[in-house]
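Chains as they are written, first to last, in this note's numbering: chain A, 4 to 357; chain B, 951 to 1449.
We put the beta carbon where it would ideally sit given N, CA and C, even for glycine.
Right, dumping it as structure tokens:
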């Protein structure tokens, strides 16, 4: 392991946070800015994490890797690849230089998510620079650890608003021995029905996306189970690169001009009557919508079925993330106030109130 | 240092007029069942950590969520501490009552509200037993994966509060990985829904924060769990080794071969002999260590994996590898492991179960150090180990009727936990901190880290009325504890005043 760029720059990051505390200057935490289009824009002095990089430790037989926040995701994936292991949640990069810290802060997961779990599910421990200007350690490098509150998993998807993640330990797993992708022709309604049935059976499905005309599936496991599932389901072979293109929004669906919305739904939600075009991922639990409809309209439909909406078109919606109920927002504010009392970290990125 | 609540170091609790509180509860919640007489309170004075007992001031047994809300509002208005309790099977004293507090028993909320096979979810009340969820899901070919060994009795609310584990965590995760939504009431009785029916929710991941928070941040009123399709088949291999080191290395070899077993358990010689004597599982009593390796999934894959694992075990120096020939033998192999605690209990009047985790590679060194500590303290230790995920359960044998033995067992246990921290592990893998490991928290976290934990608590319960004294020690307690444990010439928390 070890690359020439490896460098522990945590002292400088800590120094910058302490300076900002002293001067009451808000900070805009950034890696490569690959996911800057998500959430509201932040006014503040840039805190660039990329100088603090490198894999700190990796023992494949322990199934744990520890990396600094500024480590490029590509480096993390290369190191895992070489040991025939993977981060099963398949975080999208949305840019060549995306960092490990950004992956944690945004908490986005890829096509395997309904079966493998999300980014937060693979977090074992973190080191965090806090709003009190301390560099602290939470969780650890072991699979089971229930000492204290789970600050580490809380960091996933908090968009840097609770602290600077300088280091993270992640659970990783061996790659499956066999992978096969197939494509079946059927309409969306039928696809959702079949996915609900198959979900109750021990089938080795690890990705399921319906593109409007076809249901695309990935089968992963041992040779026997994958072959048996293929025999049973049939379909045409599909190139495995499809899943990467889906994850990185490189399918032609995403080229369309209209704004992009992410719908997170209970998996067995029927097809929603929304204007625009839809792509069903996560076996129904995540749907991408290209639509000119108003945010409030989309949200009202999605809320009725117990889901929520994120606007992926920067600057379009006042609140890109679904507004929270009042009581829940109050506790979000309390937590932010306790952990970042001076409002230093990414103010307003997640919600204007935070 | 005593484990029971000590206002001197754990913080002063408000003085409560018991009769006035009782009267107020009776007036405002006429249907609420309240226990207030000494003999009625007795059964509630401890949880699964029965060595430590405190009689609660009052016990309330609500049947409706509105009553829980009423109790919380009233207690909040009167500044009365509240300790929530499920089935009371916890092993760390997380539901240990307070003399100055109300014990809120959630066990009567035992309805399974809805099983949705198409969405693969179960919506249940917090008092539903862990195993009851899998039983209710079984007709649909589904089950709830986390299986703490107390699963026939422990309730899902407690599982969430402790982030309970079990023997299948490496492959299927902990409680936190198998939840979709938890409904809670805050300290002043306000309802919050954390998580949702979808796979994620907007805002902070409060569902993750609340899981394992030991009743310190809110009271759980409803839980929605994920269900999984039952694996088609499960097979178990039993391997014997003439040294613990070889068994430990074999675990790493199995994983290096790209195989994630459903369960992977290790027992040392003392545990093997105790289990064999009790269950007659067919364990090799001369072995220094055995590994139980369960492979589950689709028939064809499991068959292949069994062959691979057998080879790995033989190459790792196993003296004997056996595969359970039928379901009856598989169940018998597991019965030995699942009854290891009571089996060890037959060797000794009392035993004390520890729950540390370590990086697996540290196992040989840690076991040697435990053996040395065992000799130093003059108490036998049997080792049972969730080898796949590094979670050790050393069982310390002692006799509480012998003066000083309980104290020695506690001290030895504390040393073992500090050893786990020293090699990069944790003082608790799945049993929780509760009261039991409150002092060892001072070894795992520094005062700044503990201060952040207190800040999290303050965001949800600023007056500290929910389960006071559990999970996170006060800095004052750590200062006193540190004063007794000068480590390598260095006093922990040197920045604190000593009282």
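Could you work out which residue in the options is closest to residue i when comparing CA atoms only?
| i | options | result |
| --- | --- | --- |
| residue 316 (chain A) | A:185, A:252 and A:214 | A:252 |
| residue 292 (chain A) | A:322, A:25, A:265 and A:203 | A:265 |
| residue 112 (chain A) | A:121, A:90 and A:39 | A:121 |
| residue 1119 (chain B) | A:145, A:166, A:228 and A:152 | A:145 |
| residue 1385 (chain B) | B:999, B:962, B:988 and B:1075 | B:999 |
| residue 279 (chain A) | A:287, A:269 and A:261 | A:261 |
| residue 12 (chain A) | A:270, A:240 and A:167 | A:167 |
| residue 1185 (chain B) | B:1263, B:1257, B:1027 and B:1089 | B:1257 |
| residue 218 (chain A) | A:344, A:110 and A:186 | A:186 |
| residue 1418 (chain B) | B:1040, B:1050, B:980 and B:1027 | B:1050 |
| residue 250 (chain A) | A:289, A:226, A:225 and A:239 | A:289 |
| residue 44 (chain A) | A:343, A:344 and A:323 | A:323 |
| residue 1052 (chain B) | B:965, B:1108, B:1060 and B:1071 | B:965 |
Would you please state the rounded distance, in angstroms, between the beta carbons of residue i and residue j? I believe it to be under 8 Å.
| i | j | result |
| --- | --- | --- |
| residue 77 (chain A) | residue 57 (chain A) | Their Cβ separation, rounded to whole angstroms, is 13 Å, which puts residue 77 (chain A) and residue 57 (chain A) out of contact at 8 Å. |
| residue 1310 (chain B) | residue 1232 (chain B) | No, residue 1310 (chain B) and residue 1232 (chain B) are not in contact; Cβ-Cβ is about 27 Å, not under 8 Å. |
| residue 104 (chain A) | residue 38 (chain A) | That belief does not hold up - the Cβ atoms of residue 104 (chain A) and residue 38 (chain A) are roughly 11 Å apart, past 8 Å. |
| residue 1289 (chain B) | residue 1228 (chain B) | 6 Å |
| residue 31 (chain A) | residue 20 (chain A) | In fact, because the Cβ distance is near 12 Å, the residues do not count as touching under 8 Å. |
| residue 224 (chain A) | residue 181 (chain A) | 6 Å |
| residue 1380 (chain B) | residue 1043 (chain B) | The pair is not a contact, with the Cβ atoms about 15 Å apart (cut-off 8 Å). |
In three-state DSSP terms, what is residue i?
| i | result |
| --- | --- |
| residue 77 (chain A) | helix |
| residue 1288 (chain B) | helix |
| residue 1295 (chain B) | helix |
| residue 1257 (chain B) | helix |
| residue 242 (chain A) | coil |
| residue 293 (chain A) | strand |
| residue 1310 (chain B) | helix |
| residue 1324 (chain B) | helix |
| residue 957 (chain B) | helix |
| residue 353 (chain A) | coil |
| residue 1425 (chain B) | helix |
| residue 1120 (chain B) | helix |
| residue 344 (chain A) | coil |
| residue 1126 (chain B) | helix |
| residue 1094 (chain B) | coil |
| residue 1154 (chain B) | coil |
| residue 106 (chain A) | helix |
| residue 1191 (chain B) | strand |
In angstroms with no decimal places, state the Cα-to-Cα distance between residue i and residue j.
| i | j | result |
| --- | --- | --- |
| residue 326 (chain A) | residue 275 (chain A) | 21 Å |
| residue 1461 (chain B) | residue 1078 (chain B) | What is shown of chain B runs 951 to 1449, which leaves residue 1461 (chain B) out entirely. |
| residue 1253 (chain B) | residue 128 (chain A) | 35 Å |
| residue 334 (chain A) | residue 1409 (chain B) | 7 Å |
| residue 993 (chain B) | residue 1037 (chain B) | 12 Å |
| residue 1300 (chain B) | residue 1001 (chain B) | 10 Å |
| residue 1130 (chain B) | residue 331 (chain A) | 17 Å |
| residue 1056 (chain B) | residue 162 (chain A) | 36 Å |
| residue 124 (chain A) | residue 1092 (chain B) | 21 Å |
| residue 1352 (chain B) | residue 1272 (chain B) | 42 Å |
| residue 135 (chain A) | residue 955 (chain B) | 30 Å |
| residue 210 (chain A) | residue 1414 (chain B) | 45 Å |
| residue 1081 (chain B) | residue 1322 (chain B) | 39 Å |
| residue 1034 (chain B) | residue 1012 (chain B) | 11 Å |
| residue 1152 (chain B) | residue 119 (chain A) | 20 Å |
| residue 1137 (chain B) | residue 1303 (chain B) | 32 Å |
| residue 156 (chain A) | residue 1059 (chain B) | 29 Å |
| residue 285 (chain A) | residue 114 (chain A) | 6 Å |
At a cut-off of 7 Å, is residue i close to the ligand MG when judged by its beta-carbon and the heavy atoms of the ligand?
| i | result |
| --- | --- |
| residue 1386 (chain B) | The ligand MG is not part of the structure shown, which contains no ligands of any sort. |
Contact residues within the region 129–147 of chain A, judged by C-beta distance below 8 Å to chain B: 133, 135, 137, 139, 140, 141, 143, 144, 145, 146 and 147
Residues from the region 151–174 of chain A in contact with chain B, defined by Cβ distance under 8 Å: 151, 152, 153, 154, 156, 157, 159, 160, 161 and 165
Contacting positions in the region 1389–1404 of chain B - beta carbon closer than 7 Å to chain A: 1391, 1394, 1395, 1398, 1399, 1402 and 1403
Contacting positions in the region 74–92 of chain A - beta carbon closer than 7 Å to chain B: 87
Residues from the region 1181–1207 of chain B in contact with chain A, defined by Cβ distance under 7 Å: 1181, 1182, 1202, 1205 and 1206
Interfacial residues, the region 1257–1283 of chain B to chain A, with Cβ spacing under 7 Å: none
Interfacial residues, the region 1309–1325 of chain B to chain A, with Cβ spacing under 7 Å: 1309, 1310 and 1311
Against chain A: residues of the region 1406–1433 of chain B by CB proximity under 9 Å: 1406, 1407, 1408, 1409, 1410, 1412, 1421 and 1422
Contact list for the region 1103–1123 of chain B against chain A, Cβ threshold 8 Å: 1112, 1113, 1115, 1119, 1120 and 1123
Interface residues of the region 1063–1090 of chain B facing chain A [CB-CB below 7 Å]: 1067, 1068, 1069, 1070 and 1090
Members of the region 202–233 of chain A near chain D, C-beta cut-off 9 Å: Absent from the structure: chain D. Protein chains present are A and B.
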